[in-house]
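Structure first, then comments.
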Amino acid sequence: MSINVTSYIFYHIDFMQRLVRLSQYFCAAQKQQFKFKYASSLLPHPEKAYKGGEDALFASEHVLLVADGVGGWADSGVDPALYSKKLASIVEELVSKDKLNYIDNPKQLIKEAV
Numbered sequence: 016m017s018i019n020v021t022s023y024i025f026y027h028i029d030f031m032q033r034l035v036r037l038s039q040y041f042c043a044a045q046k047q048q049f050k051f052k053y054a055s056s057l058l059p060h061p062e063k064a065y066k067g068g069e070d071a072l073f074a075s076e077h078v079l080l081v082a083d084g085v086g087g088w089a090d091s092g093v094d095p096a097l098y099s100k101k102l103a104s105i106v107e108e109l110v111s112k113d114k115l116n117y118i119d120n121p122k123q124l125i126k127e128a129v
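Quick note: the sequence shown uses this note's numbering, first residue 16, plus one each step.
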């Protein structure tokens, strides 16, 4: 029994291309399939309610971020709310531009946000 090497190679290349396409399909489907169902609420400490508290959050179907403002910074004259709220705002902006990229790489999302 003789084997046509060219046919054998083309068969395997075609098979591998089909596997790659199938893998890409499942990866794309998986990104779309998993979503958070969420609700959010911020209840600031009564003494910090006048400025909306020091904490911030961002929630979407694919990303949940809680930014805890470090109250001790206020002793040094720094408003911790500025940092936590700005971080949440930047994360929201980045996710709205390219959410699928950050689903696979949340560490990159935080690196770009700070």
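Glycine included, every Cβ here is placed at the ideal spot set by N, Cα and C.
* Is DSSP giving VAL106 helix, strand or coil here? -> helix
* Who are the Cβ neighbours of LEU57 in its own chain at under 7 Å, not counting the five residues just before and after it? -> GLY68, ASP70, LEU72
* Under 7 Å Cβ to Cβ from GLY86, same chain only, skipping five residues before and after it: list those, please. => GLU69, PRO95
* To do: Can you grab the Cα-Cα spacing for the pair LYS126 / PRO61, in whole Å?
  => 32 Å
* To do: Decide if LEU115 is buried, meaning its Cβ has at least 16 other Cβ atoms within 10 Å, or exposed.
  => exposed
* Report the rounded CA-to-CA distance for VAL129 versus GLY84, giving the unit in angstroms. => 15 Å
* Could you pull the start and end residues of the alpha helix (DSSP H) that LEU124 belongs to? => 121–128
* Cβ-Cβ distance between ALA74 and TYR53 below 8 Å -> yes
* How is the beta strand (DSSP E) around VAL81 delimited, first residue to last? -> 79–82
* Take VAL81 as the anchor and find which of LYS100, ALA64, ASP90, TYR117 has the nearest alpha-carbon. => LYS100
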